[in-house]
Each structure stands twice: as C-alpha cells, then as structure tokens.
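S.K.:
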Amino acid sequence: MELKITEPTRLEIALAQVVGQVRGYGYQPISEHVIEVYPVEEWSDPADVLNLRVGNFVVKNETATNIFSKPTRFIPELRDYLLKGKTVQACGSIGPGLSSAGPGITLDLRGMTVRQILDSAAEADATLRAHAKTHDLPVGWLHRVEGDHQSELVHIWSFLSTVPREWEHYLPQ
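Take any residue in the sequence shown, count from 1 to its spot, add 1014: that is its number in the numbering used here.
1) Helix, strand or coil for P1060 per DSSP?
2) Could you have a look at T1120 and say whether DSSP puts it in helix, strand or coil?
3) In the DSSP assignment, what are the bridge partners of R1037?
4) How big is the Cα-Cα spacing for Q1035 and M1015?
5) Below 8 Å, how does it come out for the stretch 1088-1097 and the stretch 1048-1056: are there three or more Cβ pairs, yes or no?
6) Would the stretch 1127-1137 and the stretch 1040-1050 be scored as touching if the rule is three or more Cβ pairs under 8 Å?
7) Can you tell me where the beta strand (DSSP E) with N1075 in it begins and where it stops?
8) Give the DSSP-derived three-state secondary structure of H1047 in the structure shown.
9) Grab me the residues of E1026's own chain with a C-beta within less than 6 Å of its C-beta, minus the 5 sequence neighbours each way, in chain order.
10) How should R1037 be labelled, buried or exposed, when 16 other C-beta atoms within 10 angstroms of its C-beta is the threshold for buried?
11) I need the DSSP call for I1089, collapsed to helix, strand or coil.
12) Helix or strand or just coil, what does DSSP make of E1026?
13) By the three-class DSSP mapping on this structure, what secondary structure does I1081 have?
14) Count the other CB atoms within 10 Å of the CB of I1119; is the residue buried (16 or more) or exposed (fewer)?
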C-alpha cells in the first residue's frame, strides 16, 4: 500500500487514497466523528448480519466497548439470528463476565440495522464529554467473520480506538 500525503489534507482524500488500494472495500462517512470502512459485498447484501433489522435497542449508561465486544448481549435479534439452526447446549453462567468500566452511553433506537446501531453507539461515545474529563479514548467497532463454507462461521466482535493526540479538543463545547 502506498500513501502520499505531503501537506495537510482533508480526511476524505486520504481515505480515498487508502481504501482505493484495497480491492472490494469502500468507506462511508457516517457522522462528523464516525467513518465506516467495509467490504462492499457485505454492505449491499441484505442477508448480511450487519444489515439485520432490529425492532428496538435500548441501553442505559453502558460503555461502548461492552456493546461492541458483546453485541449479542444487548441485541436479542442478533443473538437469535446467530444461533438460528444451531443446537444450544445447556451450560451455567456466572453472569455477564468481564466488562469495561468508564463513562457509559444511553441510546433508545428503533427500526435500525445492527450496523446503524453500532455506528450510533460509536457516535454517542465519540461525543461523550465524560471522556475528556477522564482522558479515555472514544472507540469504534470491528466485526469480522472467520471460517469458510465447509466449517462453521465464527463472528468476531471487538472495539478499536484510532484518534489523534489531543482529540478532546474536537469535542463540542
């Protein structure tokens, strides 16, 4: 990959240079703070898990890292979709497991896709004033699928953080 930026350049120009070199990928500005980079094939596939429509999504004071790492815990339709046709074996649980501490977001969304929900959570996290006070970094989300048609597909969900130094100066006052 080659990137030639010799002077201050708008982000969309730099992104076009980078993503343009990766066959099969595109990008879409979602908001002032969120840009989605995606495989074009998945973006346009109505059967793709990220295009699954969700009736209602409500979280109160939940960290975005928890939502991005364990979306099936917060989106029952996604959990049901991923378990469809699979035998669920009974097992015990101690509870929700490890989770992230830090400032939480509150969202009440209706009729959105999984992708739109995750993007909305990223935007809410990016504009959270509490981050500036605690020096936490806002986060985005990552989804990838491992496996092939002969083996069971495994969906991997996680968060990522890519922000400039002194990012808190960009927060609305």
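Positions of the beta carbon are idealized from the N, C-alpha and C atoms, including for glycine.
M.R.: Checking against the coordinates, here is how it stands:
1) As a working mapping, residue 1060 is identified with position 46 in the sequence shown. Note: P1060 maps to coil in three-state DSSP.
2) Residue numbering aside, residue 1120 sits at position 106 when the sequence shown is read from its first letter. Here T1120 sits in strand by DSSP.
3) In the sequence shown, counting from the first residue as 1, residue 1037 sits at position 23. Partner(s): none; R1037 has no beta bridge.
4) Here residue 1035 corresponds to residue number 21 of the sequence shown, with the count starting at 1. Here residue 1015 corresponds to residue number 1 of the sequence shown, with the count starting at 1. Distance between the alpha carbons of Q1035 and M1015 is about 7 Å.
5) no
6) yes
7) The residue you call residue 1075 lines up with position 61 of the sequence shown. Residues R1067 to E1076.
8) Start at 1 with the first residue of the sequence shown, and residue 1047 comes out as number 33. If DSSP states are grouped into helix, strand and coil, H1047 belongs with coil.
9) By 1-based counting over the sequence shown, the position of residue 1026 is 12. None.
10) Looking up residue 1037 in the sequence shown gives position 23. R1037 comes out exposed.
11) The residue given as residue 1089 occupies position 75 in the sequence shown. Correct three-state label for I1089: coil.
12) For the purposes of this step, residue 1026 is taken as the residue at position 12 of the sequence shown. Here E1026 sits in helix by DSSP.
13) By one-based count along the sequence shown, residue 1081 stands at place 67. In the structure shown, I1081 sits in a helix (DSSP, three-state: H, G or I).
14) Counting from 1 along the sequence shown, the entry for residue 1119 is found at position 105. With 16 or more Cβ atoms within 10 Å of its Cβ, I1119 is classed as buried.
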